[in-house]
Structures are given as C-alpha cells and as structure tokens.
Amino acid sequence: MNLVVVESPAKAKTIEKYLGKDYKVLASFGHVRDLPSKNGSVDPEQDFAMSWAIDARSKKRIKDIEDALKNADKLILATDPDREGEAISWHLLDVLAKKKVMKDMPIERVVFNAITKSSVTDAINNPRQLDQELVDAYLARRALDYLVGFTLSPVLWRKLPGARSAGRVQSVALRLITERETEIEQFNPREYWSVTADMATASGAFTANLVRLDGEKLDKFSLNDEAKARDAESKVKAASLSIRSVEAKPITRNPQPPFMTSTLQQEASRKLGFSATRTMQTAQKLYEGINIGSETVGLITYMRTDGISMVGEAVSDCRATIARDYGDGYLPASARVYKSKAKNAQEAHEAIRPTGFSRTPGSLSLHGDEAKLYELIWKRAMASQMASAKLERTTVTVVDDRDSLALRATGQVVRFDGFLKLYEATKPKAESDEDGKTLPPLKQGQNADAKKVQAEQHFTQPPPRYSEASLVKRMEELGIGRPSTYASILKVLQDRDYVTLDKRRFTPSDKGRLLTAFLEEFFSKYVEYNYTADLEEQLDKISAGDLEWKRMLSDFWNEFSTHVDGTKELRVTHVLDALNVALKTVAFPEKEDGSDPRKCTSCDDGELSLKLGRFGAFVGCSNYPECKFTRPFGGGDGDDNEAQDTELGKHPETGDAIWLKTGRFGPYVEQALPADIDPDAKPQKDKKGPKPKRASLPKGWSWQSIDLDKALQLLSLPREIGAHPEDGKPISAGIGRYGPYVVHERTFASLDDVQEVWDVGLNRAVTLIAEKKAARGRGRTQNVLKDLGKHPTDEAPVQILDGRYGPYVKWGKVNATIPNGQDPQDVNIDMALEYIAEKQAKAGKKKPARKKPAAKKKPAAKKKPAAKKKPATKKS
6 MNLVVVESPA
16 KAKTIEKYLG
26 KDYKVLASFG
36 HVRDLPSKNG
46 SVDPEQDFAM
56 SWAIDARSKK
66 RIKDIEDALK
76 NADKLILATD
86 PDREGEAISW
96 HLLDVLAKKK
106 VMKDMPIERV
116 VFNAITKSSV
126 TDAINNPRQL
136 DQELVDAYLA
146 RRALDYLVGF
156 TLSPVLWRKL
166 PGARSAGRVQ
176 SVALRLITER
186 ETEIEQFNPR
196 EYWSVTADMA
206 TASGAFTANL
216 VRLDGEKLDK
226 FSLNDEAKAR
236 DAESKVKAAS
246 LSIRSVEAKP
256 ITRNPQPPFM
266 TSTLQQEASR
276 KLGFSATRTM
286 QTAQKLYEGI
296 NIGSETVGLI
306 TYMRTDGISM
316 VGEAVSDCRA
326 TIARDYGDGY
336 LPASARVYKS
346 KAKNAQEAHE
356 AIRPTGFSRT
366 PGSLSLHGDE
376 AKLYELIWKR
386 AMASQMASAK
396 LERTTVTVVD
406 DRDSLALRAT
416 GQVVRFDGFL
426 KLYEATKPKA
436 ESDEDGKTLP
446 PLKQGQNADA
456 KKVQAEQHFT
466 QPPPRYSEAS
476 LVKRMEELGI
486 GRPSTYASIL
496 KVLQDRDYVT
506 LDKRRFTPSD
516 KGRLLTAFLE
526 EFFSKYVEYN
536 YTADLEEQLD
546 KISAGDLEWK
556 RMLSDFWNEF
566 STHVDGTKEL
576 RVTHVLDALN
586 VALKTVAFPE
596 KEDGSDPRKC
606 TSCDDGELSL
616 KLGRFGAFVG
626 CSNYPECKFT
636 RPFGGGDGDD
646 NEAQDTELGK
656 HPETGDAIWL
666 KTGRFGPYVE
676 QALPADIDPD
686 AKPQKDKKGP
696 KPKRASLPKG
706 WSWQSIDLDK
716 ALQLLSLPRE
726 IGAHPEDGKP
736 ISAGIGRYGP
746 YVVHERTFAS
756 LDDVQEVWDV
766 GLNRAVTLIA
776 EKKAARGRGR
786 TQNVLKDLGK
796 HPTDEAPVQI
806 LDGRYGPYVK
816 WGKVNATIPN
826 GQDPQDVNID
836 MALEYIAEKQ
846 AKAGKKKPAR
856 KKPAAKKKPA
866 AKKKPAAKKK
876 PATKKS
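In our numbering, the protein residues as written are 6 to 881.
Rendered as structure tokens:
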C-alpha cells in the first residue's frame with residue numbers, strides 16, 4: 006500500500022478515487038505546525054533557529070498518518086505545487102523523521118496543476134525529491150514576517166496606544182490606502198468647460214466636440230470660465246460648417262491572456278462584485294473537486310499562480326472547442342503564446358484555466374458563486390485562443406468656412422467580433438466611451454448644421470479610493486507581496502480596524518492613519534515601496550538558489566534590530582510632536598476665518614494637540630486638567646467613546662427628534678418618542694413601557710459620518726422588498742449580527758455589502774433565497790450563517806448555523822461546536838471538517854465510558870438484593 010498525503014479532505018477523496026485500491030490518501034488539513042505567537046519563536050542569536058508548535062488538531066492528523074505508515078510501502082507527498090505546498094510537505098517530513106516512524110521507507114514528492122485523473126496519475130509516475138530551495142524561501146519569508154511583527158508591535162504598544170500590530174507587507178498596503186486618502190483631501194478641483202454640438206447632415210446626425218477656436222488648438226483648461234465658454238458657444242452657433250475630413254482607420258484588438266491569481270481577483274471584483282477572499286475560497290472548491298454527476302473532478306487548474314501560459318494539450322483542447330462551437334473563422338492560424346511579465350513569478354507556472362474546455366458552463370450543474378466564477382474562468386481562457394477582433398475607428402473633422410474653429414467626432418464599428426463574441430474585460434470608468442459610438446456614412450465636403458450647441462461646466466475630480474481590484478493591481482505593479490497573499494493582507498487590515506470597506510472602496514480609519522504616520526516618521530525605510538519590493542526579489546533569489554536564506558535574514562536583522570533599539574529612548578511626547586506635524590491637515594484642518602486651527606475653543610490660552618488614550622488617539626487641550634476639552638481625531642472612526650449625544654434633525658413625517666448616541670455597545674441612532682408619550686410612564690403589569698426606536702451602526706460606518714439621511718435609512722429597517730412570487734409572503738432586507746441579509750419566512754441569505762439592504766430588488770432577493778434553500782437541504786429551518794460546501798464522504802452540505810448557544814457546524818446529524826473566540830465567518834471547510842471529526846471522536850468514546858461505571862456499581866449494590874429483583878419480577 007502507498008500512502009499519499011495532500012492538504013484537504015476534499016482533495017483526498019477525489020485523488021483516492023483516481024488512484025485505486027493500492028493507494029491510501031490522507032489529508033494534513035494544511036500546515037501541521039506553525040510558529041507560536043510568542044517571543045523567541047525565531048531566535049536570531051541562535052542562527053535564526055525556529056521553534057515550531059503543533060496544536061491538538063494537528064497532532065491527531067499526524068497520528069493518523071503515523072498509523073497509516075505502519076502498513077505502507079511508500080510515502081508520497083502530493084501537496085500544492087507552490088512554496089506553501091512544498092513547506093507543508095517539509096514540515097510533515099521533519100515531524101515524522103523526529104518521531105523515527107519512517108525508517109528506510111521510500112519518500113517521493115509529486116506535483117500536479119489540476120486534479121484530474123490524467124494529471125494525478127502522470128504526477129505519480131514522475132516523482133521528484135523535495136525542493137529545498139523552495140522550502141528555504143518559505144522559511145526566510147516566515148521568519149522575516151515574524152521578526153518584523155513581533156519586534157515592531159511591542160514598540161507600537163508602548164509608543165502608540167490603540168495600534169494593534171504592524172506587518173511587513175500589510176503596513177505598506179495600508180500606506181497606499183492612506184496616501185490616496187491624503188491625495189483626495191488635498192485635491193483642489195479645477196474648473197473647465199466643454200462645448201459640444203449636435204450636428205445634422207443629409208446622411209444623419211452625430212455629436213461633435215469643439216477642439217479648435219480662433220485658430221488655436223484647445224486643451225482641457227483652455228475654456229476655464231463661463232465667459233470664455235459662452236463666447237465659444239456663440240461662435241459655433243454663428244459659423245457656417247462643413248465636413249473637412251472623414252478618416253477611417255482599421256484597428257485590431259487582441260484577447261487578453263488567461264487569468265493568473267491577481268487578474269482573477271481583479272476581474273471577479275469588477276464583474277461579479279467578489280472580494281479577494283471570496284474569489285479564492287470559491288476557486289479553491291473548483292480546484293479541489295466538484296461532483297458533476299458521473300464523477301468528482303477538479304474543474305480548474307491551481308489558482309495560486311503568476312503564470313499566464315497553458316500547456317500544449319490544454320491549448321489543443323481549447324482550439325478544438327473553439328472550432329467546434331464557433332467555427333474556423335474564430336480560430337487563429339496558430340496558437341497564441343503568452344509570457345508573464347510579473348516581477349515575482351511563483352512556481353506554479355500555468356495559468357488558471359478549465360481542466361476540460363468541453364465542460365462548458367451550461368453543461369455543468371453548478372450554482373451560486375461556483376457557477377459564476379467557473380464561467381468567468383472558462384470564458385477568459387477560451388477567449389485567449391480566439392481570433393482577434395476587427396474594428397474600424399472613424400474620425401470626422403468639421404470646420405467653419407474660415408478654418409478658425411473645428412469640431413471633432415469619433416466612433417467605431419465592429420467589423421468582426423472575434424474573441425469579443427465570448428468575452429470582453431471590464432474597462433476602468435476613466436476610459437472614454439466615445440469609441441463605442443457609431444457614426445452615419447459621412448463624406449468630405451458635406452454641409453453640417455449645428456442644431457444644438459451646449460457649453461457645459463466641469464471640475465476635475467480627485468483620484469478614486471482604492472477598491473480591492475485596484476489595490477491588488479497597484480501592489481502587483483510595485484512588486485509588493487505575492488498575489489496568493491493579497492486576500493489575507495486585505496482581510497487583516499479590515500479585521501484590525503485599520504481600514505473600512507464602504508461601497509467596495511477602502512477608507513483608512515484613524516487608527517490606520519496614525520499607524521502609517523508613525524511608521525513613516527520613525528520607520529520610514531521599512532514602509533518604502535522599493536525596499537519592500539527589493540525584499541520580495543531577494544526571496545525569489547532564494548527560491549531560485551541564488552541567495553542563501555540565513556545570510557539574507559542576517560543582513561536584514563542587523564539593520565532592523567539596530568533601528569528598533571534606537572527607538573527605546575523615544576518619549577511619547579516626541580511621538581506626539583511628530584504626529585501633530587504629520588497629521589496636521591487631518592487633526593487640525595484650516596478654519597474658514599483663517600484663525601489658528603490649534604487654538605482651543607474652550608479656554609483662552611490652550612493649544613490643541615493629539616493625545617493617546619486607552620482607545621486610541623483624540624485631540625485634547627494642553628491645559629488639561631483645568632480644561633477638559635476633547636474631540637475625536639480626524640474624520641475617521643476615531644474613538645467611539647468620545648462621541649457626544651447629538652441631535653441630527655427631525656423625522657420628516659413625524660417630527661420626532663433623531664439622535665446619534667453612544668451606549669454600552671457603541672454608537673447608535675435613535676428616534677425619540679413622540680411628544681404625546683410620557684417617556685417616564687411606568688409599564689403596566691405584563692406590558693412593556695414605551696421605547697424609542699433604535700438602530701446600531703453597521704460595520705464600516707463611522708459615527709462621524711452619520712447624518713440625518715443615514716440615520717433615517719437605518720431606522721427604516723427592516724425594509725420590505727416585496728412578496729415572494731410562490732407563496733405571496735414578504736421578503737425583507739435588514740442588518741443583523743452577522744451583517745446585511747434578506748429573509749423570507751425563516752430563511753436568511755447574506756448580502757455582500759451594507760448598501761445592498763436598500764438597493765436589492767425582488768428578483769435578486771428571490772434568487773438568493775432559492776440558492777440558500779437549495780444549498781442547505783430539506784427540512785432546514787435554522788438561520789444558516791454560512792454555506793461551506795459539501796462533505797467529502799457523502800456530498801451532504803456542511804453549514805454554519807446560529808444555534809441557541811451560539812454558532813455551530815452542521816453536517817447531517819452531527820452538530821459540532823465552534824471554539825470560543827473563533828469568528829464563524831472565518832471558518833472554512835477544512836476547519837469545519839476538523840470540528841466534525843473531533844465531535845465524532847468524542848461521541849465514539851462516550852458509549853464505553855458510560856458502561857464501565859455501571860459495571861463497577863453492580864458489586865456495590867449486593868447489599869440490596871430486593872432492589873435488584875424488582876425489575877425481574879415486573880418483566881416476568
């Protein structure tokens with residue numbers, strides 16, 4: 006018997022079917038050990054020795070593997086084909102070697118990019134040895150991140166209360182977000198005007214823009230006030246116009262390459278509204294195996310990659326499918342070849358593609374996120390090998406009889422759609438949509454009449470806040486981090502309240518801005534983009550065997566530790582002085598009357614300054630304790646405990662006062678009781694007294710951003726969307742303990758964004774409810790918090806439910822408790838399967854444990870024979 010070890014049980018089940026009875030496949034459930042979160046786990050004084058820890062769950066996995074090895078002839082390590090997968094195999098081997106359970110057993114390492122029978126069997130037939138250089142790159146990265154986090158975080162706790170931690174890559178990503186926010190705040194809009202004319206000709210109408218006036222070419226800001234714009238408008242109206250030229254230029258558009266990790270995250274965000282985490286979790290399911298009826302098969306190749314090429318057999322399969330479904334006209338003469346330009350290419354070189362192009366999205370019974378993401382991946386990969394699109398761009402120039410002014414119109418026509426028949430990537434909003442217009446068949450010399458001329462005012466706009474897609478793209482451009490880690494980086498920033506995600510755009514919180522300012526002032530080198538990218542390049546050199554990993558760590562640590570030691574004498578007052586300067590535009594914005602923004606408004610001679618309290622930063626007076634004036638820092642989240650009860654306005658219908666208040670559990674909004682109700686009235690027996698309507702602020706909404714309109718929105722919930730078309734019962738939307746949702750009867754379905762509570766329509770709500778019902782199985786009426794997928798042994802759904810005593814994992818008749826402190830929304834399928842296994846193991850031990858005490862008690866009961874005989878008498 007050959008023992009194969011993979012990461013996940015879902016993957017294990019699929020692979021065991023492929024390999025047959027001579028192979029046993031077990032799952033390690035990810036890493037079997039990790040660096041414990043305490044000082045000394047990496048010791049620079051002992052040549053960067055690492056102290057690894059194995060938790061209780063991993064010990065059970067290792068024990069299962071040990072037991073299986075007793076009857077095995079060979080150990081085959083089949084973890085993922087990247088650095089992390091190599092590291093999992095290395096960890097397991099190291100643990101087993103120390104336990105001395107393998108003896109002289111042959112050990113092989115196999116990798117496959119897709120979980121299909123052919124890929125797996127080919128890999129088994131072509132084993133290799135463990136790649137120590139990849140392992141060294143993992144060890145260097147792990148030690149580097151640990152040393153930065155556990156050395157820098159204590160400095161923050163002492164010098165910047167309220168800051169939880171800092172990370173090597175996470176802090177640089179946070180800097181990007183805060184710098185963009187500063188750009189937006191400091192942006193000064195510029196006025197400019199445009200002049201357009203609706204032109205009429207014998208051939209048809211079109212719209213043109215003024216591009217030359219009085220013989221001078223116009224740029225964006227040539228018409229920078231209304232007077233100039235009106236003058237231009239009148240000159241166009243008075244001009245005698247004709248078509249000077251009609252230029253048609255053929256254009257070829259080529260398809261984009263198949264997805265790699267970062268582009269998949271970006272496009273899934275733009276087209277599907279998926280977060281990076283949601284994209285990767287769904288892709289993981291598609292990769293590990295989906296039951297498609299006749300078999301369980303991995304539907305896509307490995308999803309953590311910087312590669313954009315496809316192997317030869319995949320290209321052939323793709324081209325055959327194109328020829329069959331779309332015809333030879335859509336098939337280029339030769340296969341397209343794509344090469345990666347990524348700075349930090351990973352080791353899984355093939356692009357993300359379907360494992361079989363003949364498995365069209367319509368032929369599979371996929372649902373929900375899996376169906377959406379698979380269709381996106383399939384279309385993008387298919388389009389990458391299709392013929393180019395042929396377009397014709399036409400430019401029309403209209404001039405007056407003196408040639409002193411000119412107007413221009415552009416448009417394009419698709420002559421052959423090519424790959425556009427199947428897929429077109431989303432365009433940034435900043436791109437002009439003029440190319441999408443079509444023009445009538447115009448001729449040179451034709452008269453043109455300006456029927457309607459309009460001057461329109463514009464103002465330049467600040468750069469947009471980063472979305473997940475644009476932030477991932479920017480980090481990739483800078484060479485910061487690895488695409489496979491972007492999802493976790495963005496999640497950490499949100500979990501630690503350094504940023505908020507509102508309408509899919511990142512805004513730094515006050516904590517985030519303070520942390521960034523502190524690091525830029527006192528650790529500037531370590532949040533520089535070039536420096537962080539250079540570290541990534543060094544890590545890649547280690548994986549290529551061009552740099553020794555401990556040498557790299559030593560060079561970094563010698564400089565970094567010296568820098569940290571230099572901050573030990575740094576006083577908090579010095580920190581505040583520096584932050585007062587760095588954050589003056591946020592903490593002390595300029596006043597309209599030109600007075601000193603740092604002058605205390607509560608006393609005569611006090612100066613406002615940043616203060617650090619238990620809950621973070623706030624602005625206080627220098628004359629404290631005589632002057633106790635305080636206010637929140639900036640306009641971000643700040644410290645909720647500093648919020649003052651504020652009347653936001655009156656309800657437009659009832660006239661009741663709407664308040665913003667802070668209570669035991671944070672800020673909330675309240676609609677005051679009507680004037681004719683006595684708030685002090687005591688409740689009668691068995692009846693509740695009058696209570697004002699209240700609503701807590703959803704996650705991501707700072708109390709400083711709440712105005713009357715937002716308060717009324719919250720107080721209007723739950724919102725009734727409409728009646729369900731099947732039973733006529735209402736569907737509502739609201740915000741609960743676990744975020745925004747829609748509900749019908751007792752079926753709850755989560756929404757992706759808080760704003761959807763007010764925007765979601767009946768059709769989408771019905772679809773979400775139907776998907777939730779289909780996913781959770783028959784007879785389920787509990788509040789389903791999260792669907793995790795199917796159990797690898799019987800395809801039954803595994804879900805997180807909200808029970809009487811808190812969230813728990815449900816699989817069939819097994820209810821497994823989620824450990825205290827574990828956020829149920831962070832539980833994935835692998836974690837859930839561990840909880841289920843532990844529950845089953847405990848249940849299996851309980852039966853014999855109950856019988857033993859009963860057997861011991863019987864001899865002690867010999868003194869009471871009458872009590873023993875009674876049951877026998879009754880039975881007879």
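Note that the Cβ used here is the ideal one computed from N, Cα and C, for glycine as well.
Environment of THR659 [buried if 16+ CB atoms lie within 10 Å]: Looking at its Cβ environment, which holds fewer than 16 other Cβ atoms inside 10 Å, THR659 is exposed.
CA nearest to the CA of GLU652, picked from THR635, CYS632 and GLN676: Closest option to GLU652, Cα to Cα, is GLN676.
Segment contact flag, the region 221 to 230 with the region 372 to 390, C-beta cutoff 8 angstroms, min 3 pairs: Result no; under three Cβ-Cβ pairs closer than 8 angstroms.
Option nearest ASP374 by Cα separation, candidates LEU447, GLN289 and MET391: When each option's Cα is compared against that of ASP374, the closest is GLN289.
Could you tell me whether the region 464 to 480 touches the region 494 to 512, using the rule of 3 or more Cβ pairs below 8 angstroms? Taking one beta carbon from each stretch, the region 464 to 480 and the region 494 to 512 have 3 or more pairs nearer than 8 angstroms; the two touch.
Inter-stretch contact at 8 angstroms, needing at least 3 Cβ pairs: the region 110 to 118 / the region 69 to 84: The answer is yes - the region 69 to 84 touches the region 110 to 118, with three or more Cβ pairs under 8 angstroms.
Pick helix, strand or coil for HIS36, following the three-state DSSP scheme. Under the three-state reduction of DSSP, HIS36 is assigned to coil, being neither helix nor strand.
Can you tell me whether VAL832 is helix, strand or coil according to DSSP? DSSP places VAL832 in coil when its eight states are reduced to three.
With distances taken Cα to Cα, identify the nearest neighbour of ARG195 among TYR534, ASN296, TRP562 and PRO467. Checked all of TYR534, ASN296, TRP562 and PRO467; the closest Cα to ARG195 is PRO467.
Going by DSSP, what residues sit across from ILE305 in a beta bridge? Answer is PRO359, bridged to ILE305.
Taking Cβ to Cβ, would you say SER250 is nearer than 8 angstroms to GLN449? The criterion of a C-beta distance shorter than 8 angstroms is satisfied by SER250 and GLN449.
Closest residue to SER245 among LEU581, ASP219, CYS323 and ASP405 (Cα-Cα distance): Looking at the Cα atoms, ASP405 is the closest of the given residues.
Ends of the beta strand (DSSP E) at ILE740? Taken as a continuous stretch (DSSP letters only), the beta strand (DSSP E) holding ILE740 covers 735 to 741.
Is ASP642 helix, strand or coil by DSSP? With a pLDDT of only 35 at ASP642, under 50, the local geometry of the prediction cannot be trusted, and no value is derived from it.
How about GLN390 and ALA455: do their beta carbons lie closer than 8 angstroms? The answer is no: Cβ separation not under 8 angstroms.
Out of LEU161, SER56, VAL37 and VAL241, which has the shortest C-alpha to C-alpha gap to LEU581? LEU581 has its Cα closest to that of LEU161, out of LEU161, SER56, VAL37 and VAL241.
Pull up the distance between the alpha-carbon of VAL316 and that of SER42, whole angstroms please. Each residue's Cα considered, the two are about 42 angstroms apart.
Bridge partners of ILE726, per DSSP? The bridge partners DSSP lists for ILE726 come to none.
Would you check if the distance between the CB atom of LEU519 and the CB atom of LEU756 is smaller than 8 angstroms? Cβ distance not < 8 angstroms, so LEU519 and LEU756 don't count as in contact.
Starting from PHE523, follow the alpha helix (DSSP H) in both directions and report where the run begins and ends. Run containing PHE523: 515 to 527, per the alpha helix (DSSP H) assignment.
Using only CA atoms, which one of ASP311, THR365 and SER345 lies nearest to ARG329? Closest option to ARG329, Cα to Cα, is THR365.
Length of the line joining the Cα atoms of GLY154 and GLY172: Linking GLY154 to GLY172 through their CA atoms gives a straight-line distance of about 5 angstroms.
Can you give the Cα-Cα distance for ASP835 and GLY35, rounded to whole angstroms? Going by the C-alpha atoms only, they are around 8 angstroms apart.
Taking 7 angstroms as the line, does the beta carbon of GLU652 fall inside it for any heavy atom of the ligand NAD? Among the components of this structure there are no ligands whatsoever, and the ligand NAD is therefore not found.
Residue ranges of each beta strand (DSSP E) run of no fewer than 3 residues wholly in the region 125 to 207, ordered along the chain? Fully contained in the region 125 to 207 are the following beta strand (DSSP E) runs of length 3 or more, in chain order: 196 to 205.
Measure the Cβ-Cβ separation of VAL759 and ILE774 and say whether it is below 8 angstroms. Note that the C-beta distance between VAL759 and ILE774 is not below 8 angstroms.
Taking the beta strand (DSSP E) that GLY811 belongs to, which residues open and close that run? That run of the beta strand (DSSP E) goes 811 to 816.
Could you work out which residue in ASP52, ILE20 and LEU74 is closest to VAL125 when comparing CA atoms only? Nearest to VAL125 by C-alpha distance, out of ASP52, ILE20 and LEU74, is ILE20.
Which value, in whole angstroms, describes the spacing of the CA atoms of ALA894 and GLU525? The first residue shown for the chain is 6 and the last is 881, placing residue 894 beyond what the model contains.
With DSSP run on the structure shown, which of helix, strand or coil describes PHE117? Correct three-state label for PHE117: coil.
By the three-class DSSP mapping on this structure, what secondary structure does GLY25 have? Three-state result, GLY25: coil.
Are the Cβ atoms of VAL302 and GLY312 separated by less than 8 angstroms? Not closer than 8 angstroms, so no.
Within 10 angstroms of its Cβ, does THR606 collect 16 or more other Cβ (buried), or is it exposed? Its Cβ having fewer than 16 others within 10 Å, THR606 is exposed.
Would you mind working out which of LEU101, LYS604, SER94 and LYS104 sits nearest GLN137, comparing C-alpha positions? Selection LEU101, LYS604, SER94 and LYS104 evaluated against GLN137 yields SER94 as nearest (Cα-Cα).
Beta-carbon proximity list for MET265, same chain, < 8 angstroms, skipping 5 on both sides: Taken in chain order, the residues that qualify are THR310, ASP311, GLY312, ILE313, SER345, ALA347, ALA356, ILE357 and PRO488.
Report, in whole angstroms, the separation of the C-beta atoms of SER737 and PRO723, which I expect to be a contact under 8 angstroms. Contact annotation, SER737 with PRO723: C-beta distance approximately 4 angstroms; criterion of less than 8 angstroms satisfied.
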